[in-house]
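Each protein sequence line maps, in turn, to chains G and B. As numbered in this note's numbering, the first sequence has no gaps in its residue numbers, which increase by one up to the final residue, 506. As numbered in this note's numbering, the second sequence has no gaps in its residue numbers, which increase by one up to the final residue, 506. Just so it is clear, CB atoms sit at the ideal spot from N, CA and C, and this is done for glycine as well.
There are 2 protein chains.
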Amino acid sequence: MSRSYHIAIAGATGAVGQELLRVMERRRFPAGKLTALASERSVGRTVEFRGEKVPVGLLRDDAFAGVDFAFFSAGATRSRQYAPAAVRAGAVVIDNSSAFRMDTSVPLVVPEVNAGDLAEHKGLIANPNCSAAILCVGIWPIHRAAGIRRVVVSTYQSASGAGARAMAELESQSRDVLEGRQAKPEAFPHQIAFNLFSHNTRIAENGYNEEENKMVEETRKMFHAPEMVVVPTCIRVPVFRAHSESVLLELERPMRPEEAREILESAPGVRLVDDASANRFPMPVEASGELDVLVGRIRQEPGNPRGLAMFISGDQLLKGAAWNAVQIAECLIGTARA
Amino acid sequence: MSRSYHIAIAGATGAVGQELLRVMERRRFPAGKLTALASERSVGRTVEFRGEKVPVGLLRDDAFAGVDFAFFSAGATRSRQYAPAAVRAGAVVIDNSSAFRMDTSVPLVVPEVNAGDLAEHKGLIANPNCSAAILCVGIWPIHRAAGIRRVVVSTYQSASGAGARAMAELESQSRDVLEGRQAKPEAFPHQIAFNLFSHNTRIAENGYNEEENKMVEETRKMFHAPEMVVVPTCIRVPVFRAHSESVLLELERPMRPEEAREILESAPGVRLVDDASANRFPMPVEASGELDVLVGRIRQEPGNPRGLAMFISGDQLLKGAAWNAVQIAECLIGTARA
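Structural data, given as C-alpha cells:
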C-alpha cells in the first residue's frame with residue numbers, strides 16, 4: 169500500500185482553504201489525516217473533506233505534531249507567526265502568503281516553471297502571487313524557446329483574489345446596483361459591481377502597487393532572470409474567480425505566432441484557446457474551475473517580429489493559489505503530472 | 169440675436185442618438201429645429217428634446233432639406249447610403265460610424281488633438297472610434313511635449329460600445345447569473361455578465377481585430393504620425409458605459425511622472441485623477457456622464473525614463489461618441505471650449 173500523508177491547512181475556512189480541500193479531493197491526494205486550523209473566530213466550525221465533517225481547531229504553535237504537509241493560507245502575518253513552528257515540528261510548509269516569497273533561502277515555485285528549485289527547500293516553500301503564477305505558466309514556454317527581455321502586462325483580476333468576503337461583495341453590490349440602490353464598498357475601497365479600479369494595495373515609492381511589484385519580483389525569481397523587465401498594471405474587474413492578463417512580450421529572437429502556438433499547445437499546464445475564426449479566446453468563465461491556464465490571442469506586434477502578444481485567463485483560486493500549492497506537494501511525493 | 173441651427177440626427181433612437189440629444193441640451197447647443205431620423209422600425213416613435221416630444225421620421229435621401237448639421241449614428245452602412253445626400257442638401261455631416269474615417273479627403277477629428285483639420289472639410293467630418301478618441305485625449309498632451317514612438321494599450325471596454333441592446337443584455341444576464349440561471353448571450357457572442365472577452369469584431373489577417381486596427385489607424389491619422397507604433401488589445405468587460413485603457417508609452421525624450429502630471433493637469437478635455445495615497449485613480453463609474461477623460465496612475469517604466477505608464481477612463485457614449493460629435497459642431501460654429 170502506498171503512503172498517505174497527514175495534512176494541515178491553516179486558514180481552512182477561507183476561500184483558498186476551501187479550494188485546497190476541493191483540489192485534494194479532485195486529485196485524490198493521498199491525505200490520510202486532515203488537521204483543519206483557523207483563527208479564534210472560526211474555531212468550532214467544521215469543514216467538509218471527502219464527505220466527512222472535520223472540526224476546525226485553533227491555529228497555534230503546537231498544532232502541527234505529526235503533520236507532513238502544512239498548507240498556509242491565512243495571511244502573511246499568521247504565516248510569519250506560525251510557519252516556523254510547523255517547520256520545527258517536521259512539516260513541509262507550503263505557504264500561500266507573501267511572507268517568505270522573496271526570502272533567498274525559500275524556493276518560490278510554479279512546478280511547470282521551476283520544480284527543480286524544490287530540491288533546495290529547508291522545510292518551507294512559497295507559493296507565488298496569483299497574478300504572477302498565472303503569467304508565468306503562460307509565458308515560460310516562450311521564454312525557454314526565445315528568451316523574454318521585457319513583459320508588458322495589464323491584468324483583469326477577479327474579486328476572488330481578495331477572498332470570500334470580496335466575492336460576496338461583488339454579488340451583493342451587483343444586486344444593489346441592479347435594484348437602483350447605492351453600492352456600498354466594504355471589502356473593497358471602491359465599487360466593484362459594474363466598475364473596475366487600480367488594485368487596492370499600497371503604492372510604493374516607485375509608483376507601482378504591491379501587487380505589481382510582486383509580479384515583477386516573483387517572475388524574475390522563478391525565471392532566474394533578475395534582469396528581465398516586467399511592466400505591470402494591476403486592475404480589479406467585476407469577475408468572480410479567474411484572473412486574465414493582456415501580455416506583450418519582447419523576445420531575444422523573432423518568433424512567429426504559429427511557432428508560439430505550437431510550443432504552447434504542448435506546454436504543461438497550458439490550454440491553447442486561440443480560434444480567430446470563431447472569435448474564441450481565453451475568458452474567465454471558461455478558466456474558472458480549470459487547473460490549466462488558458463492562453464490565446466497570439467499575434468505579432470505590428471512590424472516587430474520580436475514582439476509577441478497574448479491573452480491569458482487562469483483560475484485565481486486554483487493555479488493562482490490552491491492547485492499550485494497541492495501541485496508542489498505532488499511534486500514532493502512524486503505523483504506530480506507536471 | 170445669435171444664430172440657431174437646424175439639426176438632424178440619423179439614428180435618433182439609438183444609444184448614441186439619445187446621448188446626442190442630452191449633450192446638446194447640456195451644452196445649450198443653439199439648435200433651432202430638430203429633425204429626428206431613424207430606420208423603418210423606429211418611425212412613429214418620438215424622442216425628447218428640451219422637454220418636447222419630436223416625432224421620428226424615416227432616414228432617406230430627401231430628409232435633409234434645410235439641415236445645417238446632420239449627426240449620423242446609425243451604422244456604417246446607413247452612413248454610406250445617406251450621408252452623401254445630406255452633404256448635397258447643404259448639411260455638414262458629422263458621422264459617428266467607421267464609414268469615412270480613413271478616407272483621406274475626410275477629416276477625422278478629436279478637437280483637443282486636431283481641430284485644425286476641420287478647416288479641410290468638404291461637408292463631411294468623421295468622429296473617431298470610441299477607444300481611439302479616449303486614448304488620444306489622454307496621450308496627445310504627452311505626444312506634443314515628448315513625442316510618442318510607441319503605444320502599448322489594453323482596453324477595458326464597456327457594454328455601451330455595442331449599443332443599447334448590449335447594455336440591456338449586461339443587465340439581464342447579470343440578474344440571470346445572480347439568480348443561478350444560465351446566461352444567454354444574444355447581443356454579444358459570449359457571456360458578458362461577470363466575464364470578459366476579446367472584442368467581438370472580426371480578426372484581420374494581421375491577427376488584430378477590427379476594433380484594434382481602428383485604434384492603430386485612427387490614432388496615427390489624428391496625430392499625423394503615420395509611423396507611430398500602436399499595439400492594442402481590445403477587451404470587453406462587464407461595465408455599463410465608460411471605457412478604460414491601460415497605456416504604456418515609449419517617448420522620444422525622457423519625461424518624469426511629475427512633468428507628465430503637470431502637463432495633463434492643464435490639458436483640455438483631461439481631468440487628472442492620480443491620488444496614490446488614497447489609491448484613487450480613473451474608474452469607469454466616475455468617468456460615466458463626464459465630458460472629460462480621466463487620466464492617472466502615471467508612473468515611469470521601471471528603469472526606463474522614456475517609458476511612461478498611465479490609466480485612462482472616459483465615457484464611451486460621450487467623449488467616445490456623442491460629446492465629441494457635438495464638440496466638433498461647436499468648433500465649427502465658434503462656441504467650442506477646447
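From the options, residue whose alpha carbon lies closest to that of residue i
i, options, result
"residue 363(G)", "453(B), 195(B), 240(B) and 188(B)", "453(B)"
"residue 481(G)", "501(G), 472(G) and 437(G)", "437(G)"
"residue 348(B)", "340(B), 224(B) and 355(B)", "340(B)"
"residue 269(G)", "298(G), 257(G) and 256(G)", "298(G)"
"residue 423(B)", "222(B), 313(B), 290(B) and 218(B)", "313(B)"
"residue 306(G)", "455(G), 379(G) and 432(G)", "432(G)"
"residue 342(G)", "359(G), 475(G) and 196(G)", "359(G)"
"residue 191(G)", "459(G), 475(G), 267(G) and 500(G)", "459(G)"
"residue 477(B)", "498(G), 398(G) and 390(G)", "398(G)"
"residue 379(G)", "304(G), 266(G) and 218(G)", "266(G)"
"residue 456(B)", "325(B), 471(B), 426(B) and 350(B)", "325(B)"
"residue 427(B)", "393(B), 295(B), 311(B) and 351(B)", "311(B)"
Close-in-space but distant-in-sequence residues of the same chain around residue i (CB under 8 Å, 5 per side omitted)
i, result
"residue 227(G)", "178, 179, 205, 206, 207, 242, 246 and 250"
"residue 169(G)", "Low confidence applies to residue 169(G): its pLDDT is 48, below 50, so where it sits in the model is not reliable, and the reading given next is rough at best. None."
"residue 406(G)", "327, 338, 342, 360, 361, 362, 363 and 364"
"residue 473(B)", "422, 423 and 424"
"residue 389(G)", "269, 270 and 276"
"residue 475(G)", "416, 417, 418, 419, 468 and 469"
Residue span of the beta strand (DSSP E) that contains residue i, given as start and end
i, result
"residue 450(G)", "Counting along the chain, residue 450(G) falls outside any beta strand (DSSP E), and DSSP gives it neither H nor E."
"residue 325(G)", "Counting along the chain, residue 325(G) falls outside any beta strand (DSSP E), and DSSP gives it neither H nor E."
"residue 306(G)", "Unbroken run through residue 306(G) is the alpha helix (DSSP H), 298-314; no beta strand (DSSP E)."
"residue 494(G)", "Where residue 494(G) is concerned, there is no enclosing beta strand (DSSP E), although the alpha helix (DSSP H) it sits in stretches over 491-501."
"residue 479(B)", "472-483"
"residue 274(B)", "Careful: residue 274(B) lies outside any beta strand (DSSP E) and carries neither H nor E."
"residue 261(G)", "260-263"
"residue 438(G)", "438-440"
"residue 174(B)", "173-178"
"residue 292(B)", "292-294"
Own chain partners of residue i with C-beta closer than 6 Å, once the 5 adjacent residues on each side are dropped
i, result
"residue 175(B)", "199, 202 and 237"
"residue 210(B)", "181 and 224"
"residue 506(G)", "For residue 506(G), the pLDDT reaches just 45, beneath the cut-off of 50, and the residue's location in the model is therefore unreliable, although a value from the coordinates is still provided. Same-chain partners within the cutoff: 279, 280 and 436."
"residue 221(B)", "214"
"residue 416(B)", "320 and 477"
"residue 294(B)", "263, 268, 269, 274 and 276"
Proximity of residue i and residue j at Cβ, strictly below 9 Å
i, j, result
"residue 479(G)", "residue 366(B)", "yes"
"residue 400(G)", "residue 319(G)", "yes"
"residue 435(B)", "residue 308(B)", "yes"
"residue 257(B)", "residue 235(B)", "yes"
"residue 361(G)", "residue 345(G)", "yes"
"residue 291(G)", "residue 420(G)", "no"
"residue 240(G)", "residue 338(G)", "no"
"residue 484(B)", "residue 332(B)", "no"
"residue 368(B)", "residue 356(B)", "yes"
"residue 189(B)", "residue 216(B)", "yes"
"residue 335(G)", "residue 490(G)", "no"
"residue 411(B)", "residue 503(B)", "no"
"residue 262(G)", "residue 501(G)", "no"
"residue 303(B)", "residue 383(B)", "yes"
"residue 404(B)", "residue 330(B)", "yes"
"residue 283(B)", "residue 499(B)", "yes"
"residue 195(G)", "residue 494(G)", "yes"
Endpoints, the alpha helix (DSSP H) within which residue i is located
i, result
"residue 468(B)", "Counting along the chain, residue 468(B) falls outside any alpha helix (DSSP H), though it belongs to the beta strand (DSSP E) covering 461-469."
"residue 189(G)", "183-194"
"residue 345(G)", "332-346"
"residue 279(G)", "279-282"
Own chain residues within Cβ distance below 7 Å of residue i, not counting five before or after
i, result
"residue 301(G)", "278, 487, 488 and 492"
"residue 253(G)", "229 and 232"
"residue 172(G)", "198, 199 and 200"
"residue 442(G)", "429, 449, 464, 465 and 466"
"residue 288(B)", "275"
"residue 371(B)", "377"
"residue 354(G)", "337"
"residue 451(B)", "481"
### Query
Whole alpha helix (DSSP H) runs in the region 359-424 of chain B with 4 or more residues, listed along the chain?
Every unbroken stretch of the alpha helix (DSSP H) spanning 4 or more residues and falling wholly within the region 359-424 of chain B is given here in chain order: 378-391.
### Task
Go through the region 190-253 of chain B residue by residue and report every complete run of the beta strand (DSSP E) that reaches 3 residues or more, in order.
Runs found: 199-206, 214-217, 220-226 and 237-240.
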